[in-house]
Amino acid sequence: MKFIIEKAVLLKTLGHVQNIVEKRNTVPVLSNVRIEADSNGISFKATDMDTEITEVIDAKILENGAITAPAHMMYDIVRKLADGAEVELTYPDEKDLLKIASGRSEFSLPTIGVEDFPAISADTLPTNFEMKRDELKDVIDRTQFAASTEETRYYLNGLYIHPKDEGETKVLRIVATDGHRLACVESPLPQGAENMQGVILPRKTVAEIRKLLDDSAAETVKIALSDSKVRFSLEDITLASKLIDGTYPDYERVIPTDNNKILEVGVKSLATAVDRVSVVAERTRAIKVIANKNHVILTTSSPDLGSSAIEEIEAVYDSESLEIGYNFRYLLDILSEIKGDTARFSFKDSSSPSVIHDTSDSSAIYVLMPMRV
Amino acid sequence: MTIRVLPSNLVNQIAAGEVIERPASALKELVENAIDAGAHKIEVSLTGGGKNMLSVTDDGIGMTADELSLAVERHATSKLPDGDLFQINFLGFRGEALPSIGSVAKLSISSRKKGSAEGYKITVEGGKKGAVEPTAISSGTRIEVRDLFYTTPARLKFLKADSSETAQCVDMLQRIALANPHIAFYLYADGRKKLALNDCNGAVPEARRQRVADVMGTEFKENSVPITAQNEFCDISGFVSLPTYHKANSLSEYLFVNNRPVRDKLILGAIKGAYQDMMMSGRYPVCAIFIHVNPRYVDVNVHPTKAEVRFYDNGSVRSLLVGAIRNALSFGSQHSANTGGLEHLLMRQITAETERMKVIPKIGDLLVHDSAREYPHFQRPISTAPAHHRSMPEVNLPQLEREFSVRVADEPSPQTLEQVGELGLAKAQFHNTYIISQTEDSIIIVDQHAAHERITMEHLKQSITKHERIPAQMLLIPEIVDLSALDKENILEYSKTLAELGLVVEEFGASAILVREIPALLGDTDIQKLIKDLAAEISEWGNAYALTDKIHHICATIACHGSVRAGRALNIEEMNRLLRDMEKTEHSGQCNHGRPTYVKVRLVDIEKLFERR
Ligand SMILES: Nc1ncnc2c1ncn2[C@@H]1O[C@H](COP(=O)(O)OP(=O)(O)OP(=O)(O)O)[C@@H](O)[C@H]1O
Ligand SMILES: [Mg+2]
């Protein structure tokens, strides 16, 4: 195997694949990236046995062949080469190693034969649909933050995706919750997803695909699913992963439908005010929101230090006064995903879940459970 | 003052005070009697936690009218044939249980002797014995206890809520059942079935394996290994958990000596020793261990409820048990790797120090710690030097240097030192992690990270508990936690205190609780583990320290941000500051995981090492 490739192209690809490779591995070959040169181009493949990434790029191929070599080391080497340089990879070199040569630098890396590299079965996945790249990016951003990181409730450690009949329109629902707050986003149902079963995408996979989406120029993303696997394809990159094997809770039950005290408030003014007053409540995390006729008062305090803060902002509110506590971080997380000018809060009382959404966009709702302060 | 012989009723009441502490102990006595009578099936039924009614029905040998009358007399027993206290083959031997119960409750016994056509009944109410009358009963015995402790209201007041007493009864019957796999046991509380253990077939090992699985659950079965060992007078068998499977208290160590459930300190200590260096400190294995000793070599008559025993040869039982456990966990080979020497000395010192520093917190001081009581050692204001230091004049560094003839550290020496406390003067720092200081008679090694963490935490703890209530995050999706009946009751009993700490729970079915709110500080946390740890802690210590500690620990982490002094080089002044802070801080002798924050190596021990003594 021998090919010549531009540093920037190689670096970008290695950047993608080394993300998947665990820093420490008990199985040596899992620390390696599999490189293969053939008539399709150069393919790079890495896996942690749960997730597998493959990326194919163009290069000047002088000789076909395949080998595996340490992913992190290759990435570090290529990163430090001069910008704009051309890199030549050769295997086997005189010493039977993988040679990376660029300008006057030359590196030899140990290798492991491709026959040891685990082949994750390329089974056919029955459900296939496409989503616009920006749309997928958007639904991930608006839900990901609410997913649980607590590993014992593994079934909450990801995004739950399922089709849903909303009267005559059918939608794809993406849901995340950690048991304290919940994000639920709807997107037009893509063709091919009508009969899919609900699946839970692991957080790590979601984070990985989210990074790739930023790096790719692809218009659309192909998504293929079975009940245990998912595969995302963006032009030259394929990310395949296991799904979380678990039952997602009946989340719809916790979305209130009868909250009738409505508060409308400017997103920006609220978010900046919350951010300001929360400085004194760093430890307790608690903020009190007091909704009064046409204004909101935010208060925080840290009694042990003797510090407190209060701020008043204009709002539209016509129900009886209500005092409700929140974890200010949860509140900020939600506000930062509301892109319109105004947020609508609907409350029942200070110990029931509040519903928050963008007045100009009904595709996403957020449910936030109050704090007792 | 005249000396008089106590009336027998009073004697019985006094005996009852020792033998019968609560419904579960009455249950134990009655069920043991049924086992002694050769029963194959024992049915327990109770209402109101056993306080209103507790009955035990067996299909054993039964009693004749005469035997019935004698059974309720004090010191009447059929179980010591030769009057030899050193040959005890039955569970009972004192002839004390029935009269004791009869003196504090309304006792009625119906029985029909095997092979006899008639059944008889006798009642004893508050110590007054009734006449024996014929009654209709199938072969066997039924003993019913009503209004337990109605003659001793003070004792009644000490009992817990019905559900908690019920849970203890269930636990007691489970213990007895473990030792008697060939007998079927059933327990009904307020008409509901709480326990149904069918009799197990096969030889003892087989049957026992089955019973252990029935009682202790499949999780234990999967995480345990069998043990076995014999010597000429003692035979040990049973199951012990792998070191990775543990609980926060020792209540799941089920121990039996000659089929009696016991909680013997010697055996508990031996188990602890066997798991030493394999299990995190403060965690306990789960096990069912059956020890059989020739009745001649064990004294079971040393404790009123027979919970403790005395072995003829403690050492050999201990080493046999430790060996059996170590073998089963196949750690036997590593045993010889111990090097002794300094390591040994240090270990001894560490154990001694931690033992001394171990503080068992009491109920009621959940929120505010009374430093004076908990840690008299360090609560003293720093200005008054400890007694044995008082003779030392205002110490300054150079003088100490001379006295101890140690090279002065290169750091600039502090201008003025506050009076030196018990942790001595800092000399050096090793690996940017440990501070070495010296006192008059020892060298002290301080783990700076653990010590600093503790100090910060104690600080925060004070401010939090004094000034604010702990904010709670309500759960959008409440969490259900499955617990044993006993654990559930324990948690619910403390629910008020827990709510003050931000943890709101409620009852959910017979053996689960629902968690509605958690302390906001814990964030996205493992609620199951939190509740289980709390339950274990409550049942052992009678308080809910785990939660307070957890909250405090998080506070400490938040407060420290990056400033935790781990792996940071400290100058001599900083080191001394830390030592002085430790002296002022309660609990500073141990980090929040119970590990010591410092270790003291006495000069005499060092001298011994160098064979100067
Ligand atoms: N369920 C029963 N079936 C047959 N006989 C019984 C039963 N319960 C008690 N007895 C008889 O009554 C006697 C007295 O019982 P009691 O429990 O008071 O004393 P014990 O069992 O001999 O000794 P201990 O006080 O140590 O329990 C027993 O020795 C036994 O003969
Ligand atoms: Mg008895």
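Residue numbers (the numbering used here), protein chains in the order written: chain R, 1 to 373; chain W, 374 to 986.
All C-beta atoms in this analysis are idealised placements derived from N, C-alpha and C, irrespective of residue type, glycine included.
Option nearest residue i by Cα separation, candidates the options
{"i": "S336/R", "options": "Q144/R, G192/R, I61/R", "result": "Q144/R"}
{"i": "I911/W", "options": "Y867/W, V497/W, A799/W", "result": "Y867/W"}
{"i": "I310/R", "options": "D96/R, M371/R, T26/R, T272/R", "result": "T272/R"}
{"i": "T450/W", "options": "N406/W, G499/W, L848/W, R941/W", "result": "N406/W"}
{"i": "D151/R", "options": "E52/R, Y326/R, V277/R, D178/R", "result": "Looking at the sequence itself, residue 151/R is Glu, so the reference to Asp does not match. Selected option, being the one with the closest Cα: D178/R."}
{"i": "L332/R", "options": "N294/R, L270/R, L14/R, Y154/R", "result": "L270/R"}
{"i": "E235/R", "options": "A176/R, E168/R, L213/R", "result": "L213/R"}
{"i": "F463/W", "options": "D899/W, V404/W, V972/W", "result": "V404/W"}
{"i": "R210/R", "options": "L172/R, L125/R, D138/R, T13/R", "result": "D138/R"}
{"i": "N632/W", "options": "V977/W, E681/W, A509/W", "result": "E681/W"}
{"i": "L136/R", "options": "I287/R, I61/R, A207/R", "result": "A207/R"}
{"i": "E947/W", "options": "L798/W, M847/W, P969/W", "result": "L798/W"}
{"i": "A1012/W", "options": "E440/W, E538/W, S512/W, A942/W", "result": "The shown model of chain W, from 374 to 986, leaves out residue 1012/W, and the question about it has no answer."}
{"i": "E579/W", "options": "R656/W, E956/W, A569/W, H555/W", "result": "H555/W"}
{"i": "E394/W", "options": "I408/W, T437/W, V666/W, K424/W", "result": "K424/W"}
{"i": "K170/R", "options": "A240/R, E186/R, Y91/R", "result": "E186/R"}
Within chain R, the residues that residue i reaches when beta carbons sit closer than 7 Å
{"i": "A845/W", "result": "M371, R372"}
Distance CB(residue i)-CB(residue j) smaller than 8 Å
{"i": "L243/R", "j": "S228/R", "result": "yes"}
{"i": "T342/R", "j": "G266/R", "result": "yes"}
{"i": "K486/W", "j": "G435/W", "result": "yes"}
{"i": "P256/R", "j": "V355/R", "result": "yes"}
{"i": "G646/W", "j": "V695/W", "result": "yes"}
{"i": "P658/W", "j": "Y648/W", "result": "yes"}
{"i": "R643/W", "j": "R691/W", "result": "Checking the sequence, you will find Ala at residue 643/W rather than Arg. In contact: A643/W and R691/W (Cβ atoms closer than 8 Å)."}
{"i": "L848/W", "j": "M369/R", "result": "yes"}
{"i": "L322/R", "j": "K261/R", "result": "yes"}
{"i": "A59/R", "j": "V33/R", "result": "no"}
{"i": "I324/R", "j": "V296/R", "result": "no"}
{"i": "K2/R", "j": "E63/R", "result": "yes"}
Residues that residue i contacts on chain W, provided the C-beta gap is smaller than 7 Å
{"i": "N157/R", "result": "What N157/R touches in chain W: nothing, since even the nearest Cβ is about 10 Å away."}
{"i": "D123/R", "result": "Correct list: empty, because the minimum Cβ distance to chain W is about 32 Å."}
{"i": "L182/R", "result": "L849"}
{"i": "P353/R", "result": "L849"}
{"i": "A286/R", "result": "P844, A893"}
Within chain R, the residues that residue i reaches when beta carbons sit closer than 8 Å
{"i": "E890/W", "result": "R372"}
{"i": "T1014/W", "result": "Here chain W covers residues 374 to 986 and nothing more, so residue 1014/W does not appear."}
Contact list for residue i against chain R, beta-carbon separation under 9 Å
{"i": "Q901/W", "result": "T152, R153"}
Chain-ordered neighbours of residue i on chain W, where CB pairs are closer than 8 Å
{"i": "G179/R", "result": "L848, L849, I850, E852, D897"}
Closer than 9 Å at the beta carbon, the chain W residues around residue i
{"i": "V367/R", "result": "L849"}
Short CB-CB distance (under 8 Å) between residue i and chain C
{"i": "A271/R", "result": "Although the question refers to chain C, the structure presented lacks it and instead comprises the protein chains R and W."}
Any non-hydrogen atom of ligand 4 within 7 Å of residue i CB
{"i": "N406/W", "result": "Among the ligands modelled here, namely ligand 1 and ligand 2, ligand 4 does not occur."}
Using 8 Å as the Cβ pair cut-off and three pairs as the minimum, do the region 508–518 of chain W and the region 543–554 of chain W touch?
no
When Cβ atoms are compared, which residues of the region 850–863 of chain W fall closer than 9 Å to chain R?
I850, P851, E852
Hey, is the region 561–572 of chain W in contact with the region 410–425 of chain W, meaning 3+ C-beta pairs nearer than 8 Å?
yes
When you compare the region 88–100 of chain R with the region 67–74 of chain R, are there three or more beta-carbon pairs, one atom per stretch, that lie closer than 8 Å?
yes
Evaluate the contact criterion for the region 591–601 of chain W versus the region 692–701 of chain W: three or more CB pairs, one atom per stretch, below 8 Å.
yes
Which residues, taken in chain order from the region 235–254 of chain R, show a beta carbon closer than 7 Å to some beta carbon of chain W?
P249, V254
By the 8 Å beta-carbon criterion, what residues does the region 309–327 of chain R contribute toward chain W?
G325, N327
Are the region 857–867 of chain W and the region 157–165 of chain R in contact at 8 Å, needing three or more beta carbon pairs?
no
With three or more C-beta pairs closer than 8 Å as the rule, is the region 491–510 of chain W touching the region 472–483 of chain W?
yes
Do the region 37–53 of chain R and the region 78–88 of chain R touch if we need at least three Cβ pairs shorter than 8 Å?
no
Check whether the region 518–529 of chain W touches the region 537–545 of chain W, taking contact to mean three or more Cβ pairs, one atom from each stretch, closer than 8 Å.
no
Are at least three pairs of beta-carbons, each pair with one atom in the region 813–821 of chain W and one in the region 969–977 of chain W, less than 8 Å apart?
yes
Just checking, does the region 110–118 of chain R make contact with the region 198–207 of chain R on the three C-beta pairs under 8 Å criterion?
no
Please confirm if the region 124–132 of chain R is in contact with the region 187–199 of chain R, defined as three or more CB-CB distances below 8 Å between the two stretches.
yes
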